[in-house]
Structures are given as C-alpha cells and as structure tokens.
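Residues 65 to 124 in our numbering are what the sequence shown lists, from first letter to last. Don't be surprised by glycine CBs; every beta carbon is placed ideally from N, CA and C.
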Amino acid sequence: MTVVNDLQDYWTLVSAHRRRGDEQALDCLFLMADEASREGQLAALYVAANGPEETDVAGG
Numbered sequence: 065m066t067v068v069n070d071l072q073d074y075w076t077l078v079s080a081h082r083r084r085g086d087e088q089a090l091d092c093l094f095l096m097a098d099e100a101s102r103e104g105q106l107a108a109l110y111v112a113a114n115g116p117e118e119t120d121v122a123g124g
C-alpha cells in the first residue's frame, strides 16, 4: 500500500471514531499502532489519547 493510502486509511478511521464513536475504527487504529510507519506512530498516539485507560500501545 502506498503512503497516501495509509494516511487516508488513518484519517478515515479517526474520522469514524470521532464522528460516530465507531469502536471498530478504534480497534483498527489499535492494530495499525503496531506498524513501524508514520501512520503507526500517529495511530499509537491517537489510541493512547482516546482509547480505554488500560490500553498499553507501547507494549511495556
């Protein structure tokens, strides 16, 4: 997948979670947070700020 598509996927998921409270979108962002990419870093930050308090995206 190209960087543009990855960024589009990230923003689509963020939009779905913010506008509709879509928990599946948040789950997808959580999975994306494991990727070693800019989108993965953005997803990790978003999940850390907006996910459940027990979510540990740092893996530690």
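Checklist entry - In angstroms, rounded to a whole number, what distance separates the CA positions of D70 and E103? => result Across the structure, D70 and E103 are spaced so that their CA atoms are roughly 7 Å apart.
Checklist entry - For the putative contact between A107 and A100, defined by C-beta atoms under 8 Å, what is the C-beta separation to the nearest angstrom? => result Rounded to whole angstroms, the Cβ separation of A107 and A100 is 12 Å, and the two are not in contact under 8 Å.
Next on the checklist: Looking at L90: is its Cβ nearer than 8 Å to the Cβ of V111?
Outcome noted: Yes, the Cβ-Cβ distance between L90 and V111 is below 8 Å.
Next on the checklist: Only counting the same chain, and skipping five residues up and downstream in sequence, which positions put a Cβ closer than 7 Å to that of G115?
Outcome noted: Contacts found: L90 and F94.
Next on the checklist: Going by DSSP in three states, G104 sits in which element: helix, strand or coil?
Outcome noted: The answer is helix: DSSP assigns G104 an H, G or I state.
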